[in-house]
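J.:
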Amino acid sequence: MRWIAVFLFLYFIPLIVLFKNYNNIKRSFIYASMYITLVTTIVITNIYISGLNQIKEAMHYQNYSFEKEYIEESVSENKNVQDTSEIAKQEELEENIKDDSNNIVLEENEGDNKEVVNYDSKKSDKELVYEFKKEIYEIELKALIPMRECIPYTKNIVGNLKKLDKVKQDLEYASDMCTEVISIYETMDIPQLSNDEYTEILNDARNDVKTAYELREKAMDFAVTLVNTKNPKYIGKITEYLNLSDNYIADFKERLVNLNQIID
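Under our numbering, the residues of the sequence shown are numbered 15 to 278, in order.
(1) State the CB to CB distance for the pair SER197 and ASP235, rounded to an integer number of angstroms; the pair is presumed to be in contact (CB under 8 Å).
(2) Going straight from the alpha carbon of GLU211 to that of THR225, what length do you get?
(3) Give the DSSP-derived three-state secondary structure of ASN191 in the structure shown.
(4) Taking the straight line between their C-alpha atoms, what separation do you get for SER259 and ILE276?
(5) Since ASN284 is in the alpha helix (DSSP H), which residue starts that stretch and which ends it?
(6) Is ALA149 helix, strand or coil when you go by DSSP?
(7) For a test of the three-state rule: what should DSSP assign to ASN245, helix, strand or coil?
(8) So is PHE266 buried or exposed if we call it buried at 16+ other beta carbons inside 10 Å?
(9) State the CB to CB distance for the pair LEU256 and TYR248, rounded to an integer number of angstroms; the pair is presumed to be in contact (CB under 8 Å).
(10) According to DSSP, is ASP278 helix, strand or coil?
(11) Of all the options LYS177, ILE159, ASP139, which has the alpha carbon lying nearest to the alpha carbon of ASN242?
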């Protein structure tokens with residue numbers, strides 16, 4: 015319906031008025047051709063810019079696994095992440111563990127040199143869930159940071175048209191990092207909790223994040239195709255996959271929230 019209205023008001027009615035007011039058919043056709051070319055260019059440009067704005071909004075990932083903000087440290091080339099609320103929780107958790115240290119028994123497994131910790135099951139499970147979530151997030155950073163660094167390309171479209179090779183290179187790197195993250199998640203060890211059902215929830219949560227980055231990998235691949243072809247139709251694919259990936263991240267968070275409530 016929207017496109018019918020666009021055709022009606024931008025093409026059909028103006029062209030009728032144009033031909034009606036000019037007796038010279040040849041001149042009318044010339045003016046009509048110029049008008050159609052101009053209007054079509056404006057429409058395509060607006061579709062393209064609107065799509066890029068949607069990509070920019072989708073790539074401001076409010077949905078990532080650990081709900082932390084990025085802080086760049088000038089003394090290091092690497093980006094580090096801090097979240098005071100999570101750190102406070104971790105410190106409180108560590109204090110609680112120290113208070114109950116008398117309940118902890120460490121056993122040495124000679125076969126694989128792994129340490130087995132036996133203490134209050136609730137605290138043990140909550141600590142393992144926290145460490146699992148932290149590991150998920152640290153893996154996620156490999157792809158999340160390169161993808162965020164692609165956001166500026168949507169802010170200065172005209173300027174970035176002059177450096178498409180750099181844009182394409184960064185998008186391909188982001189896609190490669192998504193591939194690496196997926197591979198790490200596939201081989202990631204799932205901690206064994208006191209209840210097999212709890213462990214299965216962690217496994218499902220891991221799969222949620224892995225699926226999210228499979229979708230984000232596809233989105234980056236479509237972004238590369240968009241750069242190569244300049245075809246606006248790929249914008250819809252990019253935003254579709256990015257939005258779907260956010261849904262899987264939301265599922266991941268919900269699973270862990272529910273699991274912590276069950277453990278409590």
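Yeah, the Cβ is synthetic: ideal placement off N, Cα and C, and Gly gets one too.
T.: Quick answer:
(1) Their Cβ separation, rounded to whole angstroms, is 16 Å, which puts SER197 and ASP235 out of contact at 8 Å.
(2) 21 Å
(3) What sits at residue 191 in the sequence shown is Met, not Asn. Reduced to three states, the DSSP call for MET191 is helix.
(4) 26 Å
(5) Residue numbering for the chain in the displayed model covers 15 to 278; residue 284 lies beyond these limits and cannot be assessed.
(6) Sequence check: residue 149 is Glu here, not Ala. Helix.
(7) coil
(8) buried
(9) 12 Å between Cβ atoms; not a contact.
(10) coil
(11) LYS177
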